[in-house]
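Worksheet: the structure to be examined is printed underneath.
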Ligand SMILES: Cc1cc2nc3c(=O)[nH]c(=O)nc-3n(C[C@H](O)[C@H](O)[C@H](O)COP(=O)(O)OP(=O)(O)OC[C@H]3O[C@@H](n4cnc5c(N)ncnc54)[C@H](O)[C@@H]3O)c2cc1C
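In the working numbering, the protein residues as written are 38 to 444.
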């Protein structure tokens, strides 16, 4: 039984069959479309450049062909661990032997006045993206609350569509939770150059309008006129089912390195799961497609009785205007940052190190630095800083005999 028919849930169902599991698989999803990828919802799909069917992770007949019972529009309400059953909103109870929780992380809501006015949007689902596209079509001015990846991607899409865009960010820099200051500065400049009014250290007080959105009101009292607003201030792991079932929850469903919860019959994977990072020696919860896929694969293998440790190097990407960002590793805690290339050329990479060890690479239109950097991160290597900084140096040569961290 898998709860959550998103990126991780669909992957786990497919991987269970690849692992040779011949028993019954039920994939429960509260949404109505078949499992789909979310990244285009803030990019190509939002801009109308991709059909809905292209979002689907697998052809519609895949589930039937693989004897996966896909139950859509089916919300799980309760897990009865003692009785090994999941109760649906409809009241139906379904028995399980082994269970995977893959419920994702919906956007955080902000409890400000006017947040429910028509024109104020959140973005997670196909339905949200369709609604946002419709709002943008009738709008001239968009306010985005939160300068994280999704906010910046939508800003790029909206600028391309000719809208005036203002971004309100509480922190002193964009992407403050996920990127180093150099990367923040790169994207700040990119958006400013594209005509986005990106306001830092700016707090939203609420929204106002007579019947529909007319302005975002700042805590300073200033009103920013707009017909559309998107709130993207991060996501919170969907853990209610796990909590109610008495499972350990700490910024996500607590799992070990094999994606197993404290209950030997229950696993969790994807955005909702908090796991020990083998690479960094601390617990993390990641929100990215590669994490959802790789952790789901490990969980599926372990559900069939194998012992696979989830130790993939975290990575992530984002597309804004003509820039593709690829990030490998987690830069938190870095004590040295080395830039490679000229940000103005838009081919630029930033390496984050701690005591010489490479923690992460952020590569903008620089796939070679991303690929080499990702391998060096996985090796816990301490690469020569001069070579990292020199765009003429071949980073592949660092991989031949990387000096390893002594631990
Ligand atoms: C707009 C947007 C853009 C993104 N862009 C990128 C990107 O460029 N690169 C990248 O790496 N990542 C990106 N992400 C993040 C990525 O999509 C997620 O990390 C990934 O989808 C996580 O997979 P998941 O299976 O854990 O969760 P999800 O894909 O969110 O799936 C969870 C599913 O569980 C369902 N569910 C929850 N509770 C229940 C219940 N009780 N019963 C039944 N079903 C339930 C939910 O409805 C949902 O469909 C983006 C996300 C968004 C929203």
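All C-beta atoms, glycine included, are put in the ideal place defined by N, C-alpha and C. Remember, predicted model here, so these are calculated numbers, not experimental data.
- Message: Rounding to the nearest angstrom, what Cα-Cα distance links residue 444 and residue 394 in this structure?
- Response: Note that residue 444 scores a pLDDT of 44, beneath 50, so its modelled location is shaky; the value from the coordinates is reported in the next line. Rounded to the nearest angstrom, the two C-alpha atoms are 11 Å apart.
- Using the Cα positions of residue 174 and residue 183, report the straight-line distance between them to the nearest angstrom. In this structure, the CA atom of residue 174 is about 21 Å from the CA atom of residue 183.
- Item | Nonlocal neighbours in the same chain, by C-beta distance under 7 Å from residue 361, ignoring five residues either side | Closer than 7 Å at the Cβ level, and outside the excluded window around residue 361, lie 354, 402.
- Identify every run of the beta strand (DSSP E) within the region 338–371, keeping only runs that are complete inside it and at least 3 residues long; order them along the chain. 352–357, 360–366
- Same chain, Cβ closer than 6 Å to residue 107, five either side skipped, listed in chain order: 64, 100
- Message: Output needed for residue 205: all residues of its chain with C-beta closer than 6 Å, excluding positions within five of it in sequence on either side, in chain order.
- Response: 182, 236, 239, 241
- Message: Less than 6 Å between C-beta atoms, sequence neighbours within five positions excluded: which residues of the same chain meet that for residue 57?
- Response: Cβ neighbours of residue 57 within its own chain (closer than 6 Å, five residues either side excluded): none.
- Kindly list the residues whose CB is nearer than 8 Å to the CB of residue 115, restricted to its own chain and excluding five residues on each side of it in sequence; keep chain order. Closer than 8 Å at the Cβ level, and outside the excluded window around residue 115, lie 123, 124, 278, 281, 282.
- Output the residue ranges of the alpha helix (DSSP H) runs that lie fully inside the region 154–209 and measure 4 residues or longer, sorted by chain position. 163–174, 186–197
- Three-state secondary structure (DSSP) at residue 270? It is coil, neither helix nor strand.
- Item | Whole beta strand (DSSP E) elements within the region 302–343, 3-residue minimum | 303–305, 310–314, 319–321
- Give a yes or no on contact between the region 426–434 and the region 241–261, applying the rule of three or more CB pairs nearer than 8 Å. no
- Message: On the CB-based measure, 16 or more other CB atoms within 10 Å of its CB, does residue 214 come out buried or exposed?
- Response: exposed
- Query: Should residue 273 and residue 144 be called a contact, given that it needs their Cβ atoms to be closer than 9 Å?
  - Reply: yes
- Rounded separation between residue 102 and residue 358 - CA only: 39 Å
- Message: What ranges does the alpha helix (DSSP H) occupy inside the region 60–112, keeping only unbroken runs of at least 4 residues that lie completely in it?
- Response: Runs of the alpha helix (DSSP H) inside the region 60–112: 99–102.
- Query: Do residue 137 and residue 333 have their C-beta atoms within less than 9 Å of each other?
  - Reply: yes
- Message: According to DSSP, simplified to helix, strand and coil, what is residue 451?
- Response: Absent from the structure is residue 451, since the part of the chain shown begins at 38 and ends at 444.
- Taking 8 Å as the line, does the beta carbon of residue 187 fall inside it for any heavy atom of ligand 1? yes
- Query: Nearest to residue 415 by CA position, among 404, 153, 422, 436, is which residue?
  - Reply: 436
- Task: Take the Cβ of residue 190 as the centre, count every other Cβ of all protein chains shown within 10 Å, and call the residue buried at 16 or more, exposed below.
- Result: buried
- Is it the case that the Cβ atoms of residue 222 and residue 380 are separated by a distance below 9 Å? yes
- Query: What does residue 42 pair with, by DSSP beta-bridge criteria?
  - Reply: Partner(s): none; residue 42 has no beta bridge.
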